[in-house]
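To convert, note that position 87 of the sequence shown is 87 in the numbering used here; the numbers rise steadily by one, no gaps. Remarks on the structure that follows.
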Amino acid sequence: TFLHETGSNNPLGIPSDCDKIPFHPYYSTKDILGFALLLILLASLALFSPNFLGDPENFTPANPLATPPHIKPEWYFLFAYAILRSIPNKLGGVLALAASVLVLFLIPLLHTSKLRSM
Numbered sequence: 001t002f003l004h005e006t007g008s009n010n011p012l013g014i015p016s017d018c019d020k021i022p023f024h025p026y027y028s029t030k031d032i033l034g035f036a037l038l039l040i041l042l043a044s045l046a047l048f049s050p051n052f053l054g055d056p057e058n059f060t061p062a063n064p065l066a067t068p069p070h071i072k073p074e075w076y077f078l079f080a081y082a083i084l085r086s087i088p089n090k091l092g093g094v095l096a097l098a099a100s101v102l103v104l105f106l107i108p109l110l111h112t113s114k115l116r117s118m
């Protein structure tokens, strides 16, 4: 409460504007330099060592007559893969996958509360 009664002030009397620097020339240049450095690093990695970050499974020779049993999709497609694998009927699996995505779009419409809060 003391702060609200007396107010906030500068007890040293030093002007606070002397330590400020403008945003645009300094921080914009710093951000552009960091972005360029990251872009050069990524481009050099992609151009000079393209297989460095690759999956080791991609280097085994393919057998066109047999599908490997260890094939699985990336993590962001695992939900769709699980739905399609769990339903033996192909059309049923596709419909279940479409329904699972449709549910995500319909959930916000089910909210009927008048209060708008987190």
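We put the beta carbon where it would ideally sit given N, CA and C, even for glycine. Predicted, not measured: the structure shown is a model, and the values here were computed from it.
- In this structure, Leu97 and Leu84 form a Cβ contact; the two beta carbons are roughly 6 Å apart against a cut-off of 8 Å.
- For Tyr26, no alpha helix (DSSP H) segment is defined, and its DSSP state is neither H nor E.
- Tyr81 is a Cβ neighbour of Pro73, given a cutoff of 8 Å.
- Distance from the CA atom of Asn89 to the CA atom of Ser100, rounded to whole angstroms, is 16 Å.
- Taking a contact as a CB-CB distance under 8 Å, the pair Leu45 and Phe52 counts as one, their CB atoms being some 6 Å apart.
- His24 and Ile32 have their C-alpha atoms spaced approximately 11 Å apart.
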